[in-house]
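J.: Chains as they are written, first to last, in the numbering used here: chain A, 1 to 520; chain E, 1 to 70.
We put the beta carbon where it would ideally sit given N, CA and C, even for glycine.
Model, not experiment: these values are computed from the prediction.
There's a structure below that I have some questions on.
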Amino acid sequence: MNDLLSVVDWSRAQFALTAIYHWLFVPLTLGLAVIVAVMESIYVRRGDERWKKIAKFWMTLFGINFALGVATGIILEFEFGTNWSNYSWFVGDIFGAPLAIEGIFAFFIEATFVAVMFFGWNRVSKRFHLVSTWMVAIGVSLSALWILVANAWMQNPVGTEFDPVQMRNTMTDFGAVAFNAVAMNKFFHAVASGWTLAGVFVVGISCWMIMRRSNVEAMRSSLKVGTAVGVAGILLTMYTGDGSAVQVAKVQPMKLAAMEGLYDGKVGQDLVAFGFVNPDKKPGDELPAINCEISIPYGLSVLANHDPNTFVPGINDLINGIALTPKGDTINTVSYADRIAAGRVAQDALRAYNAAAQAGDQAAMDSASLVVKENFKYFGYGYFNSPEDAVPPVALTFYSFRVMVMLGSYILAFMLVMAFIAYRRPQWLDKKWLCIIGVLTIPLTYVCSEAGWVLAEVGRQPWIIQDLMPTGIAVSDVTASSVQFTFWLFAFLFTALLIAEVSIMVHYIRSSVRRDILNS
Amino acid sequence: MSRLKSIVNFYVDGFKSMTIGRTLWLIILIKLAIIFLVLKLFFFPDKLATEYDTDAQRADAVRHALTLDK
Chain A
1 MNDLLSVVDW
11 SRAQFALTAI
21 YHWLFVPLTL
31 GLAVIVAVME
41 SIYVRRGDER
51 WKKIAKFWMT
61 LFGINFALGV
71 ATGIILEFEF
81 GTNWSNYSWF
91 VGDIFGAPLA
101 IEGIFAFFIE
111 ATFVAVMFFG
121 WNRVSKRFHL
131 VSTWMVAIGV
141 SLSALWILVA
151 NAWMQNPVGT
161 EFDPVQMRNT
171 MTDFGAVAFN
181 AVAMNKFFHA
191 VASGWTLAGV
201 FVVGISCWMI
211 MRRSNVEAMR
221 SSLKVGTAVG
231 VAGILLTMYT
241 GDGSAVQVAK
251 VQPMKLAAME
261 GLYDGKVGQD
271 LVAFGFVNPD
281 KKPGDELPAI
291 NCEISIPYGL
301 SVLANHDPNT
311 FVPGINDLIN
321 GIALTPKGDT
331 INTVSYADRI
341 AAGRVAQDAL
351 RAYNAAAQAG
361 DQAAMDSASL
371 VVKENFKYFG
381 YGYFNSPEDA
391 VPPVALTFYS
401 FRVMVMLGSY
411 ILAFMLVMAF
421 IAYRRPQWLD
431 KKWLCIIGVL
441 TIPLTYVCSE
451 AGWVLAEVGR
461 QPWIIQDLMP
471 TGIAVSDVTA
481 SSVQFTFWLF
491 AFLFTALLIA
501 EVSIMVHYIR
511 SSVRRDILNS
Chain E
1 MSRLKSIVNF
11 YVDGFKSMTI
21 GRTLWLIILI
31 KLAIIFLVLK
41 LFFFPDKLAT
51 EYDTDAQRAD
61 AVRHALTLDK
């Protein structure tokens with residue numbers, strides 16, 4: 001048992017490490033591709049060679065990030081097959097189809113349009129080159145779409161049916177999987193956050209160059225595009241983030257309750273603006289959940305339902321299967337004890353199916369199969385010993401949400417101020433402290449972006465597939481020591497890649513300080 | 001044929017004219033070699049694909065794992 005827990009913990013740590021490092025590269029690729037495409041569009045439209053040189057400068061930084069980041073996501077797929085084989089089999093073609101489409105998109109785009117983008121400046125027409133650059137920008141986003149479709153299915157499994165014979169989920173409705181409401185929100189949220197991060201990146205690097213009195217004219221022009229894309233990005237990120245909150249309230253209400261450290265909900269639920277999670281708090285006890293709490297009245301009801309007079313369930317409400325109408329009347333929903341019971345019925349039926357299959361009893365197999373399907377909605381709950389096992393880590397979910405929102409709010413203010421400066425008061429960039437803030441905002445934006453993923457993935461625990469498969473049951477029969485070894489191997493490999501990326505970028509930017517970008 | 005040649009030349013000339021791109025390609029090749037020739041081959045076998053011959057056996061193995069009382 002201890003070894004199993006250790007395998008689960010190390011496999012989760014390894015996946016988290018790989019995903020976090022992967023996500024350092026991805027958002028910059030998503031956003032910088034758009035920024036370069038916008039810059040090149042200005043060049044083509046105005047015929048101004050300055051913009052071509054500016055676009056080429058940022059395209060080189062895009063290329064460095066793209067080269068270092070490419071294929072880092074493949075390791076996640078390796079981990080599925082080795083560490084998470086039960087899960088890999090159980091999801092069936094739900095994961096395979098989107099990832100295959102993603103692979104085809106990535107290969108097609110990388111082999112053709114990226115090559116034209118980098119090699120084709122003097123070999124193809126301006127317009128064809130511009131189309132290629134936009135195709136790269138669109139292509140990397142579409143590539144992200146299919147990954148997020150797969151991820152969204154894990155958060156909200158739709159369009160599928162479990163087949164006890166194959167022991168895997170089969171796709172019954174591709175449209176439902178592809179256009180899963182969670183996927184759509186996740187896609188636009190992730191892509192827009194990439195625009196934001198790349199906007200901040202361009203602003204930060206521009207500020208650093210301006211501070212060094214290098215290529216001031218080119219960097220002021222870059223700031224205009226960087227802030228325009230960045231403002232659009234952060235506004236869209238916030239809009240889709242609001243949509244995500246509504247989706248979470250519908251399909252993952254336990255995650256929303258954990259995000260708020262909310263145990264007992266009410267109609268017109270407040271939103272915690274500031275506070276500390278009480279680490280001793282447990283479901284069902286009388287201890288306060290949040291210490292030093294400052295709340296926004298009705299905030300959570302508005303966030304979750306866009307209506308201040310609605311009920312938002314807390315952890316205890318969800319466990320007990322209780323909801324309230326706007327008038328305060330109680331409605332009974334399915335309690336977690338009932339879900340656990342239904343899950344165990346499904347699992348017992350699966351055992352019966354197994355025994356019947358070994359005995360060659362087709363009638364018993366069909367009968368067991370029917371029971372599995374009838375109770376499959378709560379299949380995963382059958383693995384829990386008590387309803388409390390279904391509660392996510394509240395503190396990490398609570399704090400990651402606040403880090404994301406607070407930094408996101410800061411980034412919005414930062415971007416609006418920098419856009420005003422870029423378009424109306426460029427002389428303010430002479431102030432060194434302002435440029436230093438610009439540079440320091442780059443790592444803060446990475447923290448914000450990663451916090452969003454921590455919230456999404458930690459908040460859905462203990463599920464690897466919502467309601468169907470707990471993370472603990474998804475792991476393979478491997479030893480903890482082998483996962484530990486590859487964990488440290490990845491930590492070394494990814495750190496080396498990150499150091500290489502930062503070193504090459506810094507070297508390139510420093511070399512650009514010494515040359516005139518617009519006249520070289 | 002001439003179109004194919006021009007496409008090949010496009011890539012060849014592009015690779016030849018690279019500056020910082022040479023370093024990047026070197027990193028990409030080393031990375032891909034590590035990922036596919038070391039990690040995939042020695043550390044990340046597909047458990048079910050390597051341990052079982054048929055999908056029915058794999059389904060049985062997962063059914064057994066998911067119904068095991070842990």
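Of all Cβ atoms in chain E, is any one closer than 7 angstroms to the Cβ of Thr-133 of chain A?
T.: The residue given as residue 133 of chain A occupies position 133 in the first sequence. With 7 angstroms as the cut-off, Thr-133 of chain A does not count as an interface residue toward chain E.
J.: Using a Cβ-Cβ cut-off of less than 9 angstroms, list which residues of the stretch 336-353 of chain A approach chain E; keep chain order.
T.: Listed by position, the residues of the stretch 336-353 of chain A near chain E (Cβ gap below 9 angstroms) are Gln-347, Asp-348, Leu-350, Arg-351 and Tyr-353.
J.: Count the other CB atoms within 10 Å of the CB of Tyr-263 of chain A; is the residue buried (16 or more) or exposed (fewer)?
T.: Here residue 263 of chain A refers to the residue found at position 263 of the first sequence. Buried, since its Cβ has 16 or more Cβ neighbours within 10 Å.
J.: Within the same chain, show all residues whose beta-carbon is closer than 8 angstroms to that of Ala-245 of chain A, passing over the 5 residues directly before and after it, in chain order.
T.: Residue mapping note: residue 245 of chain A aligns to position 245 of the first sequence, counting from 1. Same-chain partners within the cutoff: Leu-256, Leu-303 and Ala-304.
J.: Using the rule of at least 16 other Cβ atoms within 10 Å of the residue's Cβ for burial, across every protein chain shown, is Gly-452 of chain A buried or exposed?
T.: As a position in the first sequence, residue 452 of chain A is number 452, starting the count at 1. Result: buried.
J.: Cutting at 7 angstroms between CB atoms, please list the residues of its own chain near Val-272 of chain A, excluding the five before and the five after it.
T.: The residue given as residue 272 of chain A occupies position 272 in the first sequence. Here the set comprises Glu-260, Gly-261, Ile-290, Glu-293 and Ser-295.
J.: Taking DSSP as the reference, what is the three-state secondary structure of Trp-463 of chain A?
T.: Indexing the first sequence from 1 puts residue 463 of chain A at position 463. It is a strand residue.
J.: Just to confirm, are Gln-358 of chain A and Gly-382 of chain A a CB contact at a threshold of 7 angstroms?
T.: For the purposes of this step, residue 358 of chain A is identified with residue 358 of the first sequence, where counting begins at 1. For the purposes of this step, residue 382 of chain A is identified with residue 382 of the first sequence, where counting begins at 1. No, these two residues do not count as a Cβ contact at 7 angstroms.
J.: Assuming Met-209 of chain A contacts Leu-412 of chain A (C-beta within less than 8 angstroms), just tell me the rounded distance between them.
T.: In the first sequence, the residue the question calls residue 209 of chain A occupies position 209. In the first sequence, the residue the question calls residue 412 of chain A occupies position 412. Wrong, their Cβ atoms sit about 24 angstroms apart, outside the cutoff.
J.: For Thr-586 of chain A, I'd like the list of residues in its chain whose CB is within less than 8 angstroms of its CB, leaving aside the five on either flank, ordered along the chain.
T.: Beyond the ends of chain A as shown, which are 1 and 520, falls residue 586 of chain A; an answer cannot be given.
J.: Looking only at C-alpha atoms, which of A:Gly-31, A:His-507, A:Tyr-336 and A:Phe-376 sits nearest to Glu-388 of chain A?
T.: Sequence index remark: in the first sequence, residue 388 of chain A carries index 388 (1-based). Taking only the C-alpha atoms, the option nearest Glu-388 of chain A is A:Tyr-336.
J.: Can you tell me which of the three DSSP states Thr-333 of chain A falls into?
T.: Along the first sequence, read from residue 1 onward, the residue named residue 333 of chain A stands at position 333. Coil at Thr-333 of chain A, not helix or strand.
J.: Flag Leu-48 of chain E as yes if its beta-carbon sits less than 7 angstroms from any beta-carbon of chain A, otherwise no.
T.: Working through the second sequence from its first residue, we reach residue 48 of chain E at position 48. Answer yes: the Cβ-Cβ gap between Leu-48 of chain E and chain A drops below 7 angstroms somewhere.
J.: Could you name the residues of the same chain whose beta carbon sits closer than 6 angstroms to that of Ala-364 of chain A, not counting the 5 residues immediately before and after it, in chain order?
T.: Along the first sequence, read from residue 1 onward, the residue named residue 364 of chain A stands at position 364. Only Ala-356 meet the Cβ criterion.
J.: Our contact map puts Gly-204 of chain A next to Ile-54 of chain A with C-beta atoms below 8 angstroms; I'd like the distance itself, whole angstroms only.
T.: Position 204 of the first sequence, counting from 1, holds the residue named residue 204 of chain A. Position 54 of the first sequence, counting from 1, holds the residue named residue 54 of chain A. Rounded, the Cβ-Cβ distance is 16 angstroms, inconsistent with contact.
J.: Please list, in chain order, the chain E residues whose beta carbon lies closer than 7 angstroms to that of Val-70 of chain A.
T.: In the first sequence, the residue the question calls residue 70 of chain A occupies position 70. Within chain E, the residues near Val-70 of chain A are Ile-28.
J.: Leu-4 of chain E to Thr-23 of chain E, Cα distance in whole Å?
T.: For this step, residue 4 of chain E is matched to residue 4 along the second sequence. For this step, residue 23 of chain E is matched to residue 23 along the second sequence. Near 27 angstroms, if we compare the C-alpha coordinates of Thr-23 of chain E and Leu-4 of chain E.
J.: Can you pull the chain A residues whose beta carbon is under 8 angstroms from the beta carbon of Arg-22 of chain E, in chain order?
T.: Numbered from its first residue, the second sequence carries residue 22 of chain E at position 22. Here the premise fails: no neighbours, minimum Cβ distance about 11 angstroms.
J.: If you check the beta carbons only, do Asn-316 of chain A and Pro-283 of chain A fall under 7 angstroms apart?
T.: As a working note, residue 316 of chain A is residue 316 in the first sequence. As a working note, residue 283 of chain A is residue 283 in the first sequence. In contact: Asn-316 of chain A and Pro-283 of chain A (Cβ atoms closer than 7 angstroms).
J.: Below 9 angstroms on C-beta distance, what does Phe-128 of chain A contact in chain E?
T.: Residue numbering aside, residue 128 of chain A sits at position 128 when the first sequence is read from its first letter. Residues of chain E passing the Cβ test: none, with the nearest at roughly 12 angstroms.
J.: To be precise: take each residue of the stretch 498-515 of chain A, compare its Cβ to all Cβ atoms of chain E, and keep it if any distance is under 7 angstroms. Which residues remain?
T.: Taking 7 angstroms as the Cβ-Cβ cut-off against chain E, the residues of the stretch 498-515 of chain A that qualify are Ala-500, Ile-504 and Tyr-508.
J.: Tell whether a beta-carbon distance below 7 angstroms holds between Leu-130 of chain A and Glu-49 of chain A.
T.: Working through the first sequence from its first residue, we reach residue 130 of chain A at position 130. Working through the first sequence from its first residue, we reach residue 49 of chain A at position 49. No, Cβ-Cβ distance for Leu-130 of chain A and Glu-49 of chain A is not below 7 angstroms.
J.: Measure from the C-beta of Trp-89 of chain A to each C-beta in chain E and report whether the shortest distance is under 7 angstroms.
T.: Locating residue 89 of chain A in the first sequence gives position 89, counting from the first residue. Chain E contact via Cβ: present.
J.: Just to confirm the assignment, what range does the alpha helix (DSSP H) spanning Leu-396 of chain A have?
T.: As a first step, residue 396 of chain A must be located in the first sequence, where it is residue number 396. It spans 394-424 - the alpha helix (DSSP H) in which Leu-396 of chain A sits, taken as one unbroken run.
J.: In angstroms with no decimal places, state the Cα-to-Cα distance between Ser-476 of chain A and Asn-86 of chain A.
T.: On the first sequence, residue 476 of chain A is found 476 positions in, with the first residue counted as 1. On the first sequence, residue 86 of chain A is found 86 positions in, with the first residue counted as 1. Rounded to whole angstroms, Ser-476 of chain A to Asn-86 of chain A spans 6 angstroms at the Cα level.
J.: If you measure from the beta carbon of Thr-67 of chain E to each beta carbon in chain A, is any gap under 7 angstroms?
T.: Here the question's residue 67 of chain E lines up with position 67 in the second sequence. So, interface residue.
J.: So what's Phe-44 of chain E in DSSP terms, helix, strand or just coil?
T.: Along the second sequence, one-based indexing puts residue 44 of chain E at 44. DSSP places Phe-44 of chain E in coil when its eight states are reduced to three.
J.: Trp-195 of chain A and Val-34 of chain A - do their beta-carbons sit closer together than 7 angstroms?
T.: Indexing the first sequence from 1 puts residue 34 of chain A at position 34. Indexing the first sequence from 1 puts residue 195 of chain A at position 195. Cβ distance < 7 angstroms, so Val-34 of chain A and Trp-195 of chain A count as in contact.
J.: Can you list the residues of chain A that Leu-39 of chain E reaches, using a CB-CB cut of under 8 angstroms?
T.: Looking up residue 39 of chain E in the second sequence gives position 39. Within chain A, the residues near Leu-39 of chain E are Ile-75, Phe-78, Thr-486 and Leu-489.
J.: What in chain E is Cβ-close to Ala-115 of chain A, meaning under 7 angstroms?
T.: As a first step, residue 115 of chain A must be located in the first sequence, where it is residue number 115. Result: Tyr-11 and Gly-14.
J.: Taking C-beta pairs closer than 8 angstroms, name the residues in chain A that Ala-59 of chain E reaches, listed in chain order.
T.: Position 59 of the second sequence, counting from 1, holds the residue named residue 59 of chain E. Chain A residues near Ala-59 of chain E: Trp-89, Val-165, Gln-166, Met-167 and Arg-168.
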